[in-house]
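By the working numbering, the letter at position 306 of the sequence shown is numbered 306, and the numbering carries on one by one without gaps.
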Amino acid sequence: MAELNVARAPHIDGEIVVPGDKSISHRAVILAALSNGTCTIRGFLPSQDCQCTVEAMRALGISIEQPNETTLIIHGQRGHFRQPSGPIDCGNSGTLTRLLCGLLAAHPFECQLIGDSSLSSRPMNRVIEPLGKMGAVIEGSGPKGTAPLKIRGGKLQSISYELPVASAQVKSAILLAGLQTSGRTTVIEPIPARDHTERMLDYFLVKTIRTAVGSGCAISIYGDQVPESRDFTVPGDISSAAFWLVAAAAQEGSNLLIRDVGLNETRTGILSVLLRMGAHVREVVQDCENGEPRGEVRIDGTRLHGTVIAGAEIPNVIDEIPILAVAAALAQGKTLIRDAHELRVKETDRLAAIAANLTAMGVDVVEFQDGMEINGGAPLMSGRLKSYGDHRIAMAFAVAGLFADGETVIEDAECIHTSYPGFENHLNDFLFPNENRTTPVINPAGALERH
Ligand code: S3P
């Protein structure tokens, strides 16, 4: 899929189940590898990013069977890993790189982490610094500690560390190192970020303590614990569902049901933002079996209006800003996005990429260092748009194409496989609802109504 072609969709309705959550898939593989026995992971996201995590664990001596794309049987080795025979390729994944730094910090061998050109430009000092305080030696190749990284781990000392940026990846790296260190390691997060690591540690029966600190949280972990092997089922990824939520929310008369999706409160900020923009959203948590709330979301389309997205809400919608910017372009009036500097160091500079693509579609947008102002409501123009090699930019602007007359072409769209294998099938199901497909994720009843 070098290019993705998108036409105007008359209507978005039906039902959809999106692939497994990316953040949770990475963590499930790593915790299962650390555990004391065999864990079966179901609903695993078989995307390039998460597959790199599986290969990384195999390179470290963990035996993993994959009887089908979404099921893994992982034979945990009680925290023992062997030195890999060559560099570990983290592909495009910042999450894998930072989590591996935490994991490997406690192991007395040298290891090199490499990745693609996007990953090799992302700042790693944010993990190198706290892990260095614990005693690990991690060297980056560039001034901001960029990959390739050389890690020389060993016996660590516990620390108490306040995060200078709201980052679940940094928090998780320190907690993974702390798990393998004697004593109590504490991470203080002034602004809460996604808490999948903490929840999964609880689920694998690792003792942690969480206390409120102002509007944030302190998480302490006791070291020298071995996670108890458990099976785990990964819920659908709300960050993938976000594309269809906006596609339906912004079109009057659309209605969509997303089933079996993760509804962890540190990730559902997109639902609050869409509610503020006037969308009709109903979320129902159906269970919390593996420590992660999951359920369904129903959304009815309407004419959206602008809003403000800023402050402590940003970490909760950090991966949804590209698609929320598209929602803002479709909404009446002004939307202001602020405090989102972190978007400049994602898979690409997402603020610049969003502003460039919105401008190419004829949208009035003013870019700031930490966000943008979008004046929405004018018709979107179709044309050729760049993905900037970033999966979420590619998918967000494919959805924008559903609202433009004529054909929108997303260039270099293969990056979508980083997080959402099957995205183009789902898109086609919305574009051509009456065609008989092999993966009928869209409710046939919905398709018939439109016939
Ligand atoms: C992630 C955390 C976020 C997010 C990324 C996944 C994770 O990054 O943007 O897609 O799984 O921990 P930061 O921790 O850098 O904010």
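Virtual Cβ for every residue (Gly too), placed ideally from N, Cα, C.
The three-state reading of DSSP puts Gly154 in coil, since its state is none of H, G, I, E or B. Within 8 Å of the C-beta of Asp319 there is at least one heavy atom belonging to ligand 1. By the CB criterion at 9 Å, Arg303 and Ala331 fall inside the cutoff. When secondary structure is reduced to three states using DSSP, Asp237 falls in the coil class, being assigned neither helix nor strand.
Closest by C-alpha distance to Ser23, out of Glu139, Lys133 and Leu96, is Leu96. Assignment of beta-bridge partners to Tyr222 by DSSP yields Arg184. In the DSSP annotation of this structure, the continuous segment of the beta strand (DSSP E) that includes Tyr161 starts and ends at Ser160 to Glu162.
Within its own chain, the residues whose Cβ lies closer than 6 Å to the Cβ of Thr186, once the five positions on either side in sequence are excluded, are Ser160, Ala218 and Ser220, listed in chain order. In this chain, the alpha helix (DSSP H) harbouring Glu55 covers Gln48 to Ala59.
Within the chosen limit of 8 Å, ligand 1 does not reach the beta carbon of His341 with any heavy atom. Counting of Cβ neighbours within 10 angstroms places Lys155 among the exposed residues, the total staying below 16. Going by DSSP, Asn264 is part of no alpha helix (DSSP H) at all; its letter is neither H nor E. Between Pro190 and Val170, the CB-CB gap reaches or exceeds 9 Å.
Restricted to the stretch 322–378, the beta strand (DSSP E) segments that are unbroken, complete and at least 3 residues in length are 333–337, 364–368 and 371–376, listed in chain order. Separation of Ala248 and Ala400 (C-alpha to C-alpha, rounded to the nearest whole angstrom) is 12 Å.
Distance from the C-beta of Val170 to the nearest heavy atom of ligand 1 is below 8 Å. At the C-beta level, Glu373 and Lys346 stay beyond 9 Å of one another. For the 9 Å CB-CB criterion, Leu380 and Gly362 form a contact.
Look at Pro67 here: in three-state DSSP terms it is strand. Per DSSP, reduced to three states, the secondary structure at Ile24 is helical.
Taking non-hydrogen atoms of ligand 1 into account, the C-beta of Thr95 is found less than 8 Å away from one of them.
Comparing alpha-carbon positions, the option among Gly216, Ser121, Leu103 and Ile138 lying closest to Ser172 turns out to be Leu103. Asp202: member of the alpha helix (DSSP H) spanning His196 to Tyr203, first to last residue. Burial is judged here by how many other beta carbons sit within 10 angstroms of a residue's own beta carbon; Ser117 has fewer than 16 and is exposed. The criterion of a C-beta distance shorter than 9 Å is not satisfied by Ser93 and Gly61. When DSSP reads this structure, Cys217 sits in a beta bridge with Glu189 and Ala212. In the DSSP secondary-structure assignment, Val137 is bridged to Arg152.
Val246 has its alpha-carbon roughly 6 Å from the corresponding atom of Ala327.
A direct Cα-to-Cα measurement between Asn428 and Gln369 gives close to 36 Å. Look at the beta carbons and you see the stretch 26–36 not touching the stretch 4–14: under three pairs across the two are nearer than 8 Å. As a beta-bridge residue in DSSP terms, Gly14 pairs with Leu256.
For Arg392, the enclosing alpha helix (DSSP H) begins and ends at His391 to Gly401. Counting C-beta atoms within 10 angstroms of its own C-beta, Val281 has 16 or more neighbours from the protein chains shown and is therefore classed as buried. Close CB contacts of Asn125 within its chain, under the 8 Å cut and outside five residues either way in sequence, are with Gly140, Lys144 and Gly145 (chain order). Rounded to the nearest angstrom, the gap between the Cα atoms of Cys101 and Phe81 is 14 Å.
Annotation for Pro87: Gln112 and Ile114 place their beta carbon closer than 6 Å to its own, counting only its chain and skipping 5 residues before and after.
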